[in-house]
Amino acid sequence: MVFDWFVLAYAWFFQPFVEYDFMRRALVACLAIGLACGPIGTILVLRRMSLAGDAIAHAVLPGAAVGFIFFGLSLPAMTIGSFVAAALMALLAAAVTRWTAQKEDASFASFYLITLALGVMLIATSDSKVDLLHFLFGSVLAIDGESLLLIGGASSLTLLGLAVIWRPLIVECFDPVFLRSVGGRGGLVHQLFMLMVVLTLVSAFQALGTLMAVGLLMLPATAARFWCAGVVARALLAAGFGALSGAAGLLISYHANVPPGPAIVLFAGGLYLLSLCLGVRESLRLVWFPAHQHKEA
Amino acid sequence: MLNVVNARLQKLFLGIVFCLVTPVLAAQPLPVVASFSILADMVREVGGPHIEVTSLVGPNTDSHVFNPTPADAKRIASARLVFVNGLGFEGWLDRLVKASGYRGPIVIASKGVKSPLQLKDDHHHAGASKGHGHQHSHGAPDPHAWQNLANAERYVETIRIALAAALPAHSAVFEQRAADYNKRIRALDQATKAQIATVPVERRRVITSHDAFGYFAAAYGVTFYPLQGLATGSEPTAAEVVRVIDLIKKNKVTAIFTENISDPRVLERIAKDSGAKVGGRLYADALTEPGTAADTYLKMFELNVATIVQGMSGKASP
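Sequence lines, in order, name chains A and B.
For what it's worth, the numbering used here labels the leading residue of the first sequence as 950, then goes sequentially.
For what it's worth, the numbering used here labels the leading residue of the second sequence as 2, then goes sequentially.
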């Protein structure tokens, strides 16, 4: 009996990955992306920049288009183009926020709309009109060795970089004046952080496409906030949620015959809704039934 | 009320102007618009020097996700005749025609196709003016009728009748050109059947990236396994990829083909995972740039047949 269950569980959870090479690659890519997205998303939530990821996702278009126009359908060229365009957009928006009185959300909105329109214009005027957007909607099932290296490299770089600037970054989130008083360079730290956000997102586009990648960036982080208070704990939990969503979404795509990108993000969305209702910190359960919780405690 | 009268007067006035202008225009080639490159080529073959064809969707471009520009509306407005494929292929066309103010005849080239095939599965043909695909329900007609040469002959006949009606003075020329063209089409049809016949029946199984070869399959006896979800704007599911890999591994499929208008990455991944060879590139919905290998309908068809036959007989890809 127990053995039967074991066999069934093996068939459900492991066999797809053991049997098919493309599933293994997809899994590794999802794990790498999920791990990097967790901490990055957590800090974005802390800084009230939850929509910055969306803005960056739209800003990759002109870069990808320029890469396409000069080098054709070459993934490295388009990826580098995407990174440059999105990084420029993010740094400009952040700089404008520092220099002027404009709030971060307003400058992000302005710059991403400009870059998005520029990208659509470039694609429309380029000669071949192969659906470039389709290429930006990457497919996690089509990941080759090259993309895998890129995703793994970007995730490792992001996590290492985060470890280096972690302390000043957190201090800057909560008390920017204190950081300045002890001689920390908040502006530089912020710019470095934005570069990591861009790096993570651009590598995630390879697997999930621009729209879905943002889902894996933000949903695990917003879900984790209902479980723990500490930033480090939240970041770790978010990374776990992200990796779990990746693996679960792939399995759902395999067994239920649905596209993997939305399946991954919907699983992360399910985790968020579950956390929102049942979490141990400021969840709906605790807001609606505070007295009941008090007695238990 | 006044507006209506006004509009009628305007139409009347326009009509008079057209009548006056027509004899002058007749000396110049008739401006004609076709919805996509393959149809434009057929119209050009029949019309010859007496017409000037422009194609709305250019070479190497996917008609499924076409985004019309104001220049396209202008082209339609200044055309005297508009040719479309029909069978639901150009979802974006009705709105474009309406927006352009074109009031002339719209010729549905597939009109003469007897009993069009039905699409087996979901197949996306976009109403692309908004960028959103609209999905055909089951039982929608398969628009890719030109993938059977016998249907192309019926296209040619429809085109000839429409051109003769528009330029009666040259109807004899059109008849001659159409007969010549049909002779070449028929010859290629014979050659295609002969070439396919060289491949054993059990080897005539191939994979393509979108469901565009239904007519080819029915006419020439090749089984196509399209990878669903690659047509436009969506991605295939893991289960679908597994199904295709298993098909190949059970040795039921001899070759995988990519297309000039769709994303080849998933198919290339499948080829690597299953050990099958990518048999080359097929041309389904669009010709290639002028001066390249598949810049006319007949060249495109011939190239497709050569690629498919070579892939199925297990030789190296071209």
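Here a beta-carbon is modelled for each residue, glycine too, at the ideal position from N, C-alpha and C.
Query	Result
When B/T259, B/V202, B/V200, B/T199 are compared against B/P227, the one with the closest alpha-carbon	B/T259
Within 8 Å, strictly: CB atoms of A/T1149 and A/C986	yes
contact_flag[the segment 1208 to 1227 of chain A, the segment 1002 to 1011 of chain A] where n(CB pairs < 8 Å) is 3 or more	no
Whole-Å CB distance - A/A1091 paired with B/R244, under 8 Å assumed	That belief does not hold up - the Cβ atoms of A/A1091 and B/R244 are roughly 16 Å apart, past 8 Å.
Proximal chain B residues relative to A/S1202, where beta-carbon distance stays under 8 Å	T238, A239, A240
Distance, A/L1111 Cα to B/Q311 Cα	53 Å
Contact test: A/M1038 Cβ vs the ligand PLP heavy atom, cutoff 7 Å	Here there are no bound small molecules, and the ligand PLP is not part of this structure.
is_contact[A/V1163, chain B] using C-beta, thresh 8 Å	no
Cβ neighbours of B/V114 in the same chain (closer than 7 Å, five flanking residues each side left out)	A146, N152, R155
C-beta atoms of A/M1143 and A/A1043 nearer than 8 Å	yes
Opposing strand residues paired with B/I52 [DSSP bridges]	B/L31
Neighbour flag for B/I246 against chain A, beta carbons, 8 Å	yes
Beta-carbon gap between A/S1232 and A/L1222 smaller than 8 Å	no
8 Å Cβ cutoff, B/R266 in contact with chain A	yes
Contact belief for B/T238 with A/P1211 at Cβ below 8 Å, rounded distance in angstroms	B/T238 to A/P1211, Cβ: 10 Å. No contact.
Within-8 Å CB hit, A/L980 to chain D	Although the question refers to chain D, the structure presented lacks it and instead comprises the protein chains A and B.
Own chain partners of A/L1168 with C-beta closer than 6 Å, once the 5 adjacent residues on each side are dropped	A1217, G1218, Y1221
Interface positions of the segment 960 to 974 of chain A facing chain B (Cβ-Cβ less than 7 Å), listed along the chain	Y969, D970, F971, M972
Inter-residue CB distance, B/S79 and B/L57 (contact presumed, cutoff 8 Å)	13 Å between Cβ atoms; not a contact.
is_contact[A/S1232, chain B] using C-beta, thresh 8 Å	no
Below-8 Å beta-carbon distance, B/R282 vs any chain A residue	no
Buried versus exposed, by CB contacts within 10 Å (16 or more), A/G1195	buried
Anticipated Cβ contact below 8 Å, A/F991 with A/A1187, distance rounded	Correcting the residue type first, residue 991 of chain A is Thr in the shown sequence and not Phe. With a Cβ gap of about 5 Å, A/T991 and A/A1187 count as contacting.
For B/Q119, three-class secondary structure by DSSP	strand
Range covered by the beta strand (DSSP E) that runs through B/A256	256 to 260
Cut-off 7 Å between Cβ atoms - residues of its own chain near B/L94, not counting five sequence neighbours on either side	S36, V85
Proximal chain A residues relative to B/D274, where beta-carbon distance stays under 8 Å	Y969, D970, F971
8 Å Cβ cutoff, B/R76 in contact with chain A	no
Exposure of B/S138, with buried meaning 16 or more beta-carbon neighbours within 10 Å	Its pLDDT being 42, under 50, B/S138 is placed unreliably in this model, and the coordinates cannot settle the point.
Backbone secondary structure at B/Y216 - three-state DSSP	helix
Beta carbon proximity, B/N183 to chain A, threshold 8 Å	no
CB contact flag (B/I160, B/A110, <8 Å)	yes
DSSP bridge partner residues for B/T224 (one or two, in chain order)	B/R206
Partners in chain B for A/V1207, counting only beta-carbon separations shorter than 9 Å	T238, A239, A240
Residue from A/F1060, A/R1116, A/G1228, A/T1049 whose Cα sits closest to the Cα of A/A1036	A/F1060
Closer than 8 Å to chain B by CB, A/L1199	yes
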